[in-house]
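Protein chains in written order, with the numbering used here: chain A, 2 to 737; chain B, 2 to 282.
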């Protein structure tokens with residue numbers, strides 16, 4: 002009895018002296034609130050250990066009361082050492098990552114690609130590209146083969162024309178890739194998974210473009226938790242949110258609106274030439290709902306919408322054709338349902354369609370251009386893995402458009418890039434529809450471990466020309482070693498007349514599709530030897546033969562009607578392109594260079610350089626990353642673009658304008674383009690959110706890179722139009 | 002259509018950017034050197050059913066060229082396709098459809114060191130050959146009008162000064178509603194007829210402008226009516242206008258410089274109808 006009393010007292014005393022408490026919490030990634038599972042957590046000095054479960058939860062059932070230290074060591078994260086005590090009510094832990102959004106080098110080698118003519122930039126890459134203001138499409142301009150264009154709403158690929166590039170979102174064509182002449186692309190950048198750039202020799206999945214394709218692949222929502230972000234820079238602000246709706250469905254939604262119009266209004270007050278009546282504004286929206294029907298079956302529904310508006314009054318000018326109220330409203334929307342099913346181990350199905358509206362209302366004084374179009378595009382692809390050696394892809398790529406177009410525009414000649422408006426305007430009201438329907442077949446045949454050959458075919462019907470075109474394309478890769486690849490691509494491409502080129506009222510209904518044959522040979526070498534540091538290079542030569550190009554003609558038919566344009570144009574493009582990246586410790590150097598010779602020929606103007614014949618185009622990018630800081634710089638050097646000299650003018654006594662007299666087409670060149678950009682990024686990691694700030698200074702040296710001339714009323718005086726001045730852009734992004 | 006959309010969105014922005022340059026250029030309203038300011042035709046639009054003659058009256062200005070001789074030549078032919086990039090000349094025209102002429106013109110007919118006024122008028126014949134050519138053209142084209150162009154070239158015998166100008170005579174199958182030259186009453190400065198060179202900055206405009214015509218054209222949806230858009234071009238040898246060009250009813254502002262100068266005001270319908278008033282102080 003005495004012993005029992007002693008033991009009880011001892012136990013009581015012990016439990017008083019060494020009382021124990023259960024410590025519970027959740028281990029998060031600092032800033033992102035991402036759950037860290039299967040991570041060991043230690044409590045010192047008691048040498049207790051717990052491991053987080055699949056939800057990041059941990060529990061220490063018996064921790065002696067009083068002070069103690071959490072210790073967490075995890076690869077890729079800073080060591081956590083946190084002093085606390087058992088009285089603390091909240092024991093959630095936040096582990097700070099060593100690197101957030103590391104700017105990764107472009108991987109050019111490693112494996113045989115489905116399409117050797119394709120390059121892509123991931124979100125991580127384009128978000129930090131210097132000079133791109135976090136924009137995926139602007140970042141593409143750092144790649145070889147892309148022309149340098151300031152203030153352009155289009156991407157010019159390998160010496161082709163702007164009209165020869167097609168823009169798609171998840172494979173479905175959209176009418177516009179940029180807001181307001183290249184300000185920013187039409188989708189929230191962080192909603193974009195990657196941007197694909199397809200140039201000479203691209204595969205059979207795409208068509209209707211002689212130059213190439215820019216495709217934005219949007220991404221699914223993260224499903225671990227609901228998160229959001231808000232962002233603002235000098236032109237716009239926006240927000241994105243994403244998260245799980247249920248166990249097998251998720252949603253990502255974003256919206257952006259501009260406010261730079263208010264700044265523009267202030268600037269415009271200082272200018273005599275025009276008055277702003279409605280500030281330029283844009284807005285865009287993006288929603289992606291994703292539903293996992295089963296492990297092998299997935300459905301998604303994407304909605305995207307974009308709107309640009311501008312109104313101003315041009316008080317006076319040298320041409321009555323560009324005086325008066327200017328109004329411009331451009332909207333488009335797409336709803337894109339998509340169904341993906343892994344039918345069996347060999348077969349995969351991917352079906353999607355896009356339904357949408359395109360509206361363009363442009364007014365200039367009494368003149369106008371009003372387009373209202375309904376567009377339906379449809380894509381299907383069936384992947385069939387016939388054997389380990391052979392995989393087949395068969396697909397459809399269909400586009401149908403119904404449109405109403407009303408216009409009253411002056412007849413206009415723009416040969417040699419020199420515009421001169423005639424005295425007459427053409428009125429037309431057109432209801433029409435056109436269909437471009439293609440089926441394609443891609444076969445990837447692995448002849449052996451070293452050689453892969455891909456004979457492909459695309460067949461397409463253009464209702465505008467009422468013709469069906471067969472377009473054989475081939476792709477081959479030979480692997481000299483595990484890090485050295487030789488690539489070959491070639492193909493035939495057709496592009497239907499566009500922009501009313503075949504309109505009976507302001508074009509020529511008899512013209513045919515334009516044609517191009519591409520050849521690409523490239524060598525890809527990865528010197529990194531399996532690590533992520535070292536050198537990778539991609540060197541290629543390309544050649545394009547252009548036939549049946551649509552060019553304007555002043556010839557007339559026997560009844561006096563103007564032919565306006567015909568298929569008598571031809572041309573060639575040849576070039577060398579280089580892309581390299583070198584990463585060592587905290588430094589990365591990226592470079593791209595293109596040598597280009599792009600020529601055109603037509604019966605009325607002879608042979609001349611293409612407007613986008615930029616002989617040398619060099620981009621050098623240097624990146625230094627340390628801790629939460631990132632510094633990057635881009636140097637761009639581009640040969641001056643060609644232009645057509647104006648040798649004089651003739652006074653048009655009817656319309657009171659001077660009509661320029663063109664010299665030889667594109668026979669002179671602007672000064673070379675030189676631009677240095679600098680970008681500084683800083684991340685501030687807080688417990689439950691991250692603040693990212695960047696300063697992107699474009700044209701640091703304030704070089705006058707104007708690639709245009711302003712002329713006086715009779716073209717007797719000219720001066721170089723102002724290019725982009727030194728332009729600091731500040732952006733902030735908060736993620737939680 | 003995608004590139005049309007791109008094109009228009011770019012056009013707006015480009016205009017703004019281009020507007021940022023060119024501040025040091027000579028204003029078009031400032032008379033300087035040898036210029037053609039207007040060319041009026043007594044019948045800007047001609048019914049092409051019978052031979053006729055069209056009289057063209059050019060107004061030229063030659064600052065500091067008031068006592069010299071100008072060589073001038075002209076050629077006339079069917080429009081070779083100027084709106085679609087053809088060179089503005091008659092080199093490719095059949096000789097049967099082409100007319101040429103040349104002469105000299107003395108600028109000493111007005112006293113003073115400068116000349117601003119009418120040059121020698123030209124007579125352009127609408128010949129049977131031209132009418133035969135016209136009759137073979139597309140009927141819509143005939144209705145809407147076919148341009149018979151006149152290219153004038155002036156050059157100073159005593160200097161390098163030269164100027165080329167273009168005038169269109171519209172040949173049409175229309176018999177009524179042909180285009181005419183609109184007109185206005187006076188140049189009004191600060192609500193009074195401009196009767197002396199202004200001494201202060203003031204509002205300048207025109208009085209009693211005749212309105213633009215309603216005209217019809219064959220379009221792809223049939224016959225459609227349009228209104229002429231009238232506008233006024235302002236010129237002076239001294240002083241400065243706020244705007245080089247205004248719409249009808251829109252005021253302009255003139256700031257004088259010195260005590261004398263020539264005012265030229267041209268009223269146009271944009272289709273070939275022209276009226277010019279010259280006031281010299």
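C-beta: ideal position from N, C-alpha, C; glycine also. This structure is a prediction, so every number in the text was calculated from the model and none was measured.
Hey, is residue 142 (chain B)'s beta-carbon within less than 9 Å of any beta-carbon in chain D?
No chain D is part of this structure, whose protein chains are labelled A and B.
Output yes if chain A places a C-beta closer than 9 Å to the C-beta of residue 92 (chain B); else output no.
Counting from 1 along the second chain, the entry for residue 92 (chain B) is found at position 91. By this cut-off, residue 92 (chain B) is not an interface position.
At least one CB of chain A closer than 9 Å to the CB of residue 77 (chain B): is that the case?
Numbered from 1 along the second chain, position 76 holds the residue referred to as residue 77 (chain B). Taking Cβ atoms only, chain A never reaches closer than 9 Å to residue 77 (chain B), which makes this a no.
Spatially closest choice to residue 671 (chain A) from A:694, A:660, A:210, A:723, by CA coordinates:
What you label residue 671 (chain A) is simply residue 670 of the first chain in a count that begins at 1. Comparing Cα-Cα distances from residue 671 (chain A) to each of A:694, A:660, A:210, A:723, the minimum goes to A:723.
Using the three-state DSSP reduction, which class does residue 362 (chain A) fall into: helix, strand or coil?
Here residue 362 (chain A) refers to the residue found at position 361 when the first chain is read from its first residue. Residue state, collapsed to three classes: strand.
If we define contact as Cβ-Cβ less than 9 Å, is residue 612 (chain A) a contact residue for chain B?
In the first chain, the residue the question calls residue 612 (chain A) occupies position 611. No, its Cβ sits nowhere closer than 9 Å to a Cβ of chain B.
DSSP puts residue 543 (chain A) in a beta bridge; with which residues?
Within the first chain, the letter at position 542 stands for residue 543 (chain A). Bridge partners of residue 543 (chain A): A:521, A:576.
Residues that DSSP places opposite residue 435 (chain A) in a beta bridge
In the first chain, the residue the question calls residue 435 (chain A) occupies position 434. Looking at the DSSP assignment, residue 435 (chain A) forms a beta bridge with A:402.
Bounding residues of the beta strand (DSSP E) (the contiguous stretch that carries residue 593 (chain A))
Here residue 593 (chain A) refers to the residue found at position 592 when the first chain is read from its first residue. Counting along the chain, residue 593 (chain A) sits inside the beta strand (DSSP E) bounded by residues 588-603.
Nearest-angstrom Cα distance between residue 188 (chain A) and residue 99 (chain A)?
Counted from its first residue, the first chain places residue 188 (chain A) at position 187. Counted from its first residue, the first chain places residue 99 (chain A) at position 98. Going by the C-alpha atoms only, they are around 30 Å apart.
Alpha carbon to alpha carbon, what distance is there between residue 75 (chain B) and residue 1 (chain B)?
Look at the range of chain B in this structure, 2 to 282, and you will see that residue 1 (chain B) is not part of it.
Segment contact flag, the segment 194-214 of chain A with the segment 695-715 of chain A, C-beta cutoff 8 Å, min 3 pairs:
The count of Cβ pairs closer than 8 Å, one atom from the segment 194-214 of chain A and one from the segment 695-715 of chain A, stays below three, leaving the stretches out of contact.
Quick one: does residue 547 (chain A) have its CB under 9 Å from some CB of chain B?
Residue mapping note: residue 547 (chain A) aligns to position 546 of the first chain, counting from 1. It does not; no Cβ of chain B falls within 9 Å.
Assign residue 237 (chain A) to one of two classes, buried (16 or more other C-beta atoms within 10 Å of its C-beta) or exposed (fewer than that).
The residue you call residue 237 (chain A) lines up with position 236 of the first chain. So residue 237 (chain A) counts as buried.
Do three or more CB pairs link the segment 38-54 of chain B to the segment 172-191 of chain B at distances below 8 Å?
Touching, per the Cβ criterion.
Chain B contact residues for residue 713 (chain A), given Cβ-Cβ distances below 8 Å:
Taking the first residue of the first chain as 1, we reach residue 713 (chain A) at position 712. What residue 713 (chain A) touches in chain B: 23, 26, 27, 29.
Using the beta-carbon count (16 or more within 10 Å), is residue 558 (chain A) buried or exposed?
As a position in the first chain, residue 558 (chain A) is number 557, starting the count at 1. Counting Cβ neighbours within 10 Å, residue 558 (chain A) comes out exposed, since fewer than 16 surround it.
Who are the neighbours of residue 517 (chain A) on chain B, taking C-beta pairs under 9 Å?
For this step, residue 517 (chain A) is matched to residue 516 along the first chain. What residue 517 (chain A) touches in chain B, judged by beta-carbon distance under 9 Å, is nothing: the nearest beta carbon there is about 17 Å away.
Does DSSP put residue 106 (chain B) in a helix, a strand or coil?
Locating residue 106 (chain B) in the second chain gives position 105, where the first residue counts as 1. The answer is strand: DSSP assigns residue 106 (chain B) an E or B state.
Consider the C-beta atom of residue 311 (chain A) and the heavy atoms of the ligand FAD; say whether any pair is separated by less than 8 Å.
Absence of the ligand FAD from the depicted structure is noted, as is the absence of any ligand whatsoever, leaving it without description.
Name the chain B residues that come within less than 7 Å of residue 554 (chain A), Cβ to Cβ?
Counted from its first residue, the first chain places residue 554 (chain A) at position 553. Result: 85.
Contact set for residue 209 (chain B): own chain, Cβ-Cβ below 7 Å, skip 5 residues either direction
Your numbering for residue 209 (chain B) matches position 208 in the second chain. Closer than 7 Å at the Cβ level, and outside the excluded window around residue 209 (chain B), lie 185, 186.
Less than 9 Å separating the beta-carbons of residue 160 (chain A) and residue 613 (chain A)?
Here residue 160 (chain A) corresponds to residue number 159 of the first chain, with the count starting at 1. Here residue 613 (chain A) corresponds to residue number 612 of the first chain, with the count starting at 1. A Cβ-Cβ contact shorter than 9 Å links residue 160 (chain A) with residue 613 (chain A).
Could you please give me the residues that DSSP links to residue 378 (chain A) through a beta bridge?
By one-based count along the first chain, residue 378 (chain A) stands at place 377. Bridge partners of residue 378 (chain A): A:355, A:400.
Suppose you measure from the CA of residue 580 (chain A) to the CA of residue 43 (chain A); what does that come to, to the nearest Å?
By 1-based counting over the first chain, the position of residue 580 (chain A) is 579. By 1-based counting over the first chain, the position of residue 43 (chain A) is 42. Looking at the two C-alpha atoms, the distance is approximately 47 Å.
Buried versus exposed, by CB contacts within 10 Å (16 or more), residue 688 (chain A)
Locating residue 688 (chain A) in the first chain gives position 687, counting from the first residue. With fewer than 16 other Cβ atoms within 10 Å, it is exposed.
Measure the alpha-carbon distance for residue 111 (chain A) versus residue 583 (chain A) and round it to whole angstroms.
Your numbering for residue 111 (chain A) matches position 110 in the first chain. Your numbering for residue 583 (chain A) matches position 582 in the first chain. The predicted position of residue 111 (chain A) is uncertain, since its pLDDT is 44 and thus under 50; a value taken from the coordinates is nonetheless stated next. For the pair residue 111 (chain A) and residue 583 (chain A), the Cα-to-Cα distance works out to about 15 Å.
By the 10 Å Cβ neighbour count, where 16 or more other Cβ atoms means buried, how is residue 481 (chain A) classified, buried or exposed?
Residue mapping note: residue 481 (chain A) aligns to position 480 of the first chain, counting from 1. Using a 10 angstroms sphere on the CB of residue 481 (chain A), the tally of other CB atoms stays under 16, which defines it as exposed.
Distance, Cα to Cα, residue 49 (chain A) vs residue 628 (chain A)?
As a position in the first chain, residue 49 (chain A) is number 48, starting the count at 1. As a position in the first chain, residue 628 (chain A) is number 627, starting the count at 1. Straight-line Cα distance between these residues: approximately 31 Å.
Any C-beta of chain B under 9 Å from that of residue 256 (chain A)
Walking along the first chain from the start, residue 256 (chain A) turns up at place 255. Judged by the 9 Å Cβ criterion, residue 256 (chain A) is not in contact with chain B.
Which whole runs of the beta strand (DSSP E) in the segment 202-235 of chain B are 3 residues long or more, in chain order?
203-207, 215-220, 223-228, all fully within the segment 202-235 of chain B.
Would you mind reading off the limits of the beta strand (DSSP E) that contains residue 59 (chain B)?
Within the second chain, the letter at position 58 stands for residue 59 (chain B). Secondary structure note for residue 59 (chain B): its beta strand (DSSP E) is the uninterrupted segment 53-63.
Three-state class that DSSP yields for residue 641 (chain A) in the structure shown
Stepping through the first chain from its first residue, residue 641 (chain A) is reached at position 640. DSSP places residue 641 (chain A) in coil when its eight states are reduced to three.
Alpha carbon to alpha carbon, what distance is there between residue 205 (chain B) and residue 189 (chain B)?
Residue 189 (chain B) sits at position 188 when you count from the first residue of the second chain. Residue 205 (chain B) sits at position 204 when you count from the first residue of the second chain. If I take the Cα positions, the gap works out to 6 Å.
Hey, how far is the Cα of residue 382 (chain A) from the Cα of residue 172 (chain A)?
Translated into positions along the first chain, residue 382 (chain A) becomes position 381. Translated into positions along the first chain, residue 172 (chain A) becomes position 171. Cα-Cα distance, rounded: 11 Å.
Just verifying my parser: in three-state terms, what is the DSSP assignment at residue 97 (chain B)?
Sequence index remark: in the second chain, residue 97 (chain B) carries index 96 (1-based). Assignment of residue 97 (chain B) by DSSP, reduced to helix, strand and coil, places it in the helix class.
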